[in-house]
Amino acid sequence: MAHRPESKAPPEVFYDSKEARKYILHAHTVDVQTRLAERALELLDLSSSARTTTSPALILDLGCGTGLSGDVLSRAGHFWVGMDISSAMLAVAVQRDVDGDLIRQDLGEGLPFRIGSFDGAVSISVLQWLCQAERSEQDPRTRLFMFFMTLYACLRRGARAVLQFYPSHERQIEFIFTQAKRAGFDGGLVVDYPNSSRAKKFYLVLRAGPPDATSRAPRAALPPSSETVPTIAPERRLQPAGKPDSASSSVATAAVVSPAQRYAHRKTSPRSALAVRRFIEKKRARRLRQGKSVRPASKYSGRRRSTRF
Amino acid sequence: MRLLTHNLLICPVHKKPLAIRHVTSVDIIAVEYQPQFILRMIPRLDWSLLREAALAVESDCIDALPETPPRPQELEFLESTNDEVERPPVMAALQRLLLETHVVVGQLHCEHGEYYQIDEGIPNLLADAAVYPSEKVSAQASGAPVDEETAIPLDEQTGS
Ligand SMILES: C[S@@+](CC[C@H](N)C(=O)[O-])C[C@H]1O[C@@H](n2cnc3c(N)ncnc32)[C@H](O)[C@@H]1O
Ligand SMILES: [Zn+2]
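Here the protein sequences come in this chain order: A and B. Counting in the working numbering, the first sequence runs from 43 upward without gaps. Counting in the working numbering, the second sequence runs from 119 upward without gaps.
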């Protein structure tokens with residue numbers, strides 16, 4: 043993402059089959075996208091905002107690409123629907139046999155779902171693309187508003203959307219916030235590793251509708267030496283990063299610093315055994331369809347596997 | 119595309135449900151039984167659209183689907199009997215239809231006339247991919263929905 047590809051060509055042109063293959067062959071890319079998606083899932087806070095502790099959630103993956111972010115959702119046991127504009131990226135997702143459903147659509151045209159359909163939404167490294175006008179008749183403001191309005195509508199009330207993106211400059215953050223708020227969202231910006239220009243990551247954390255009684259504000263993960271890093275209370279109303287003294291924005295901002303330690307305390311998902319089994323049954327079904335013999339499904343399928351694979 | 123996703127989908131232009139037509143390939147992919155998830159999805163469903171979809175993919179499960187969605191009291195009952203060995207027939211049908219039945223090749227038809235193609239399980243909803251068959255466009259002049267296709271032509275299905 044270093045050279046801002048969104049300023050070079052439209053997404054369906056930039057993400058051609060060569061780029062799509064590159065996407066999954068580069069171990070580093072896979073690793074980075076996977077981590078971003080894991081963090082986004084954490085920020086979705088499904089257990090409190092969507093009351094889904096006992097069952098999988100239904101999640102949207104906006105700009106799903108080759109399904110790297112979707113894999114993270116599958117591993118956590120969730121069902122997901124991914125949307126992307128690039129046929130090449132989606133073709134690789136099909137090849138990779140992702141578990142989620144895929145839809146080809148331009149996010150700037152809006153999300154084609156009935157109201158209240160999803161328990162949450164994630165979007166990894168996509169939003170900056172929507173700030174571009176690819177054709178003369180395209181207006182990024184209208185497209186972003188359309189995107190947020192239809193996203194708001196198809197989420198359950200109180201559900202969250204977590205959108206990691208690469209803002210090209212500060213005003214772009216404000217620009218995006220404005221459209222999200224117009225569409226009815228409230229929320230804030232979570233900045234991970236704010237002091238590292240390379241590792242710094244921006245997550246827009248939005249909530250659709252009035253707070254759920256049980257929903258918590260995004261929590262800042264504290265660095266090992268927390269006194270050296272200013273942590274802003276999520277309740278404080280702040281301007282997006284860099285404009286601490288302006289009071290015009292009503293978007294709450296949580297500065298979050300996330301050391302490697304963030305992952306250390308993470309428990310294994312209670313549904314991970316189940317997710318593994320879903321994968322196995324899917325493979326089994328596929329082999330069965332191809333007429334190959336498989337061992338009969340048993341209650342113990344997949345139980346011996348570790349949680350990560 | 120699972121029938122669950124299809125059920126939640128609407129036409130990006132007219133915001134109407136999309137009917138499944140001209141299905142030539144269906145996949146059945148077994149997944150873990152998810153009673154809680156299914157029960158949470160029931161209130162989000164367009165029930166008659168689900169019944170039509172079951173017919174469009176020629177699923178036997180249609181017989182186990184009541185004409186109207188189970189009511190909240192019935193859901194409680196279903197939840198209490200979510201034992202894997204004796205799944206209530208409605209639950210077994212919903213598991214199969216919503217989570218395990220995938221439309222691989224076919225079309226989505228909007229009542230305003232246009233079609234969207236489904237290939238490799240992926241519906242293409244891009245504006246310039248919508249096909250407005252010319253004869254249907256003229257039939258649309260009156261503004262009445264076109265629905266001459268209650269009988270679904272099916273060549274051959276795979277996967278079931
Ligand atoms: C950097 S990739 C990220 C893919 C995936 N989220 C991941 O983390 O692996 C950005 C993706 O956004 C998609 N995209 C860009 N603009 C889009 C638009 N207007 N509508 C739908 N998808 C878009 C691209 O096709 C591409 O697959
Ligand atoms: Zn339509």
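C-beta atoms are modelled at their ideal positions from N, C-alpha and C, and glycine is treated no differently. No experiment lies behind these values; they were computed from the predicted model shown.
Answer with buried or exposed for residue i, where buried requires no fewer than 16 other C-beta atoms within 10 angstroms of its C-beta.
| i | result |
| --- | --- |
| E179 of chain A | exposed |
| V168 of chain A | buried |
| A51 of chain A | exposed |
| E48 of chain A | buried |
| F155 of chain B | buried |
| Q303 of chain A | Note that Q303 of chain A scores a pLDDT of 36, beneath 50, so its modelled location is shaky; the value from the coordinates is reported in the next line. The residue is exposed, with fewer than 16 neighbouring Cβ atoms inside 10 Å. |
| V249 of chain B | exposed |
| Q191 of chain B | exposed |
| D139 of chain A | exposed |
| L126 of chain B | buried |
| R46 of chain A | exposed |
| T108 of chain A | buried |
| S268 of chain A | Here S268 of chain A scores only 31 on pLDDT, less than 50, and its place in the model should not be relied on; the value that follows carries that caveat. Under this definition S268 of chain A is an exposed residue. |
| H70 of chain A | exposed |
| F219 of chain A | buried |
| A245 of chain B | exposed |
| V144 of chain B | buried |
| S128 of chain A | buried |
| R177 of chain A | exposed |
Would you kindly work out how many angstroms separate the C-alpha atoms of residue i and residue j, rounded to a whole number?
| i | j | result |
| --- | --- | --- |
| R198 of chain A | L88 of chain A | 12 Å |
| A137 of chain B | P53 of chain A | 29 Å |
| I180 of chain B | L157 of chain B | 18 Å |
| P252 of chain A | G200 of chain A | 6 Å |
| V72 of chain A | A241 of chain A | 16 Å |
| L217 of chain B | L122 of chain B | 6 Å |
| H132 of chain B | H230 of chain B | 8 Å |
| L168 of chain B | P188 of chain B | 13 Å |
| A195 of chain A | S166 of chain B | 22 Å |
| P236 of chain A | E212 of chain A | 14 Å |
| C228 of chain B | V233 of chain A | 42 Å |
| M159 of chain B | M131 of chain A | 29 Å |
| P207 of chain B | A182 of chain B | 6 Å |
| V204 of chain A | Q221 of chain A | 15 Å |
| K352 of chain A | S177 of chain B | There is no way to answer for residue 352 of chain A, as the model of chain A reaches only from 43 to 351. |
| S252 of chain B | A175 of chain A | 32 Å |
| E216 of chain A | E232 of chain B | 38 Å |
| G239 of chain B | V221 of chain B | 6 Å |
| P241 of chain B | S97 of chain A | 27 Å |
| K60 of chain A | E185 of chain B | 49 Å |
| Q214 of chain A | E150 of chain B | 43 Å |
| L86 of chain A | L78 of chain A | 12 Å |
| L193 of chain A | V247 of chain A | 13 Å |
| I147 of chain B | D58 of chain A | 29 Å |
| F207 of chain A | W122 of chain A | 20 Å |
| W171 of chain A | T184 of chain A | 14 Å |
| Q75 of chain A | L100 of chain A | 20 Å |
| V141 of chain B | L173 of chain B | 11 Å |
| R214 of chain B | D181 of chain A | 43 Å |
| G162 of chain A | V136 of chain A | 23 Å |
| V134 of chain A | V55 of chain A | 15 Å |
Give the C-beta separation of residue i and residue j to the nearest angstrom, bearing in mind that I take them to be a contact with Cβ-Cβ under 8 Å.
| i | j | result |
| --- | --- | --- |
| F227 of chain A | F190 of chain A | 6 Å |
| D143 of chain A | R120 of chain B | 5 Å |
| G230 of chain A | S165 of chain A | So it is not a contact: roughly 16 Å between Cβ atoms. |
| L83 of chain A | L115 of chain A | 7 Å |
| P154 of chain A | P130 of chain B | 4 Å |
| G112 of chain A | D103 of chain A | 5 Å |
| Q235 of chain B | R139 of chain B | The Cβ separation is near 11 Å, so there is no contact. |
| I157 of chain A | L243 of chain B | Actually they are not in contact, since the Cβ atoms of I157 of chain A and L243 of chain B sit about 18 Å apart, beyond 8 Å. |
Name, please, each residue of chain B whose Cβ falls closer than 8 Å to the Cβ of residue i.
| i | result |
| --- | --- |
| F155 of chain A | L126, L127, I128 |
| G158 of chain A | R162 |
So if DSSP puts residue i in a beta bridge, which residue, or which two residues, is it bridged to?
| i | result |
| --- | --- |
| A203 of chain A | A:A163, A:L248 |
| G230 of chain A | A:V247 |
| S89 of chain A | Bridge partners of S89 of chain A: none, in fact. |
| F155 of chain A | B:L127 |
| F121 of chain A | A:L100 |
Strictly below 9 Å CB to CB, what residues from chain A border residue i?
| i | result |
| --- | --- |
| L243 of chain B | M125, I145, R146, Q147, D148, E151, P154 |
| R214 of chain B | What R214 of chain B touches in chain A: nothing, since even the nearest Cβ is about 12 Å away. |
| M119 of chain B | V123, D143, L144, I145 |
So residue i contacts chain A; which residues on that side make the cut at Cβ distance below 7 Å?
| i | result |
| --- | --- |
| R169 of chain B | Neighbours of R169 of chain B on chain A: none; closest Cβ ~16 Å, over 7 Å. |
| R158 of chain B | S97 |
| Q225 of chain B | Within 7 Å Cβ-Cβ: nothing; Q225 of chain B doesn't reach chain A, min ~14 Å. |
| T123 of chain B | V123, D143 |
Can you pull the chain B residues whose beta carbon is under 7 Å from the beta carbon of residue i, in chain order?
| i | result |
| --- | --- |
| L132 of chain A | I240 |
Check the Cβ of residue i against every Cβ in chain B and list those closer than 9 Å, keeping chain order.
| i | result |
| --- | --- |
| V136 of chain A | E238, G239, I240 |
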